[in-house]
Amino acid sequence: MDKANRNIENYILIYSQLRERYRWKVTDQSVLMMVASLYISNNRTFDMNRFTELAEFIKSESGIFSPLRSESRFTFAAMLDTRFESPKEKFPAFIAAYNALVSEGFSKNTFTYIAAMQLVTANLVDLKSLSERARAIYKKMREEHLFLTGHSDYPLAVMLAQHDRQTDEMISYIEDLYSKLSQNGFRKGNDLQSMSHILSLNENSTADDMVALSTEIYDRMKKEGIKPKSMFYPQIALLTLIEKGNDNLSEIKAIWEQLNAEKLFKWKKDINFMMAVNFVISDKVEHSPLLQTNLSTTIETLIQAQQAASIAAISSAAVVASSSGGE
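If you read the sequence shown in the numbering used here, its first letter stands for residue 17, the second for the next number, and so on.
Written out as structure tokens, the structure is:
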């Protein structure tokens, strides 16, 4: 817990700095919470001047109607800053990845930028082929769940496209997971679809094994007094991928309660839980000798995908608020 306590202290410190400077620049303070969490989960030192300069650089390099000129620039500044030593130099590659996705039929919106960040992080060369595959997977996702699949699923479609499994086989596996999870007490809906996508990226286990692990964690959450809301399904999926994931719930609960007790975060209990899970998993991946290198890389990638999904949800809420007259 010593490392966890230090992470919480750093997280609060970073968020406090961001809030002091940008609280009137964002629609929802959750955006700044997500920004702060990226520095913790990626073990990156935060520097306000460097961050501000990068955020303004992104704004200046973007077209007048681009989402990157809005509050989204803070999120993408953090993503670039925490993943690359020379973030400004990576910006053209980021835009190239975005354009490749748009050319294949993805909409021009924040979710496509989030998906593009996955491509840049993976350092992929053949953007056209990957974008084509991602689009094909997204179309298959819509065929299975027309009313559940939307723009916010772009990042996970790109994540799935980076795996070698045949598209039809992958979609069939995802549907098997979705069906079996729903038969074991998980609610059908977009959160369960996202959970199924994340679970499918673990190619070394059967659907039955993943469902059994997920159910164990679900039941353990209830025993710990944590209501397993559907919005927490992606976190359950992530916990299945670490050694004895359900045994970490006591530590996660302690961190969650610590965050809930903070005046800054007391009205953000659901996001606090997501943060607690990410902090614990990031620490396990970094320090556990039990995790093989390939599994470690997979989990790190999945945390990024889950953060992208959370960012997408926050961005979506901000867009709705903005269109309703919010600032």
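Using N, Cα and C, we set each Cβ at its ideal position, and we do this for glycine too. Note that the coordinates shown come from a computational prediction; the quantities given were computed from them, not determined experimentally.
- Glu160 sits in a helix when the DSSP states are folded into three classes.
- In terms of CA proximity to Ile297, Ile268 leads the group Ile268, Lys41, Met50 and Trp283.
- A distance of 8 Å or more separates the beta carbons of Gly205 and Ser147.
- Segment contact: the segment 274-287 against the segment 41-51, three or more CB-CB distances shorter than 8 Å; contact assigned.
- Judged by DSSP secondary structure, Asn264 falls outside any alpha helix (DSSP H); it is assigned neither H nor E.
- Inter-segment contact for the segment 130-145 and the segment 155-166 is absent: fewer than three beta-carbon pairs are separated by less than 8 Å.
- Going by beta carbons, Glu240 and Ser210 fall outside the 8 Å limit.
- In this structure, Leu197 sits near Val227, with a CB-CB distance shorter than 8 Å.
- DSSP places Thr68 in the uninterrupted alpha helix (DSSP H) bounded by Met64 to Ser76.
- By the neighbour-count definition (other C-beta atoms within 10 Å, threshold 16), Val141 is an exposed residue.
- The beta carbon of Gln274 sits closer than 7 Å to the beta carbons of Ile24 from its chain, once the five residues preceding and following it are set aside; these are given in chain order.
- Counted as a single uninterrupted DSSP element, the alpha helix (DSSP H) harbouring Lys106 occupies residues Pro103 to Ser119.
- Taking all protein chains shown into account, Pro103 has 16 or more neighbouring C-beta atoms within 10 Å of its C-beta and is therefore buried.
- For Thr61, the three-state secondary structure derived from DSSP is coil.
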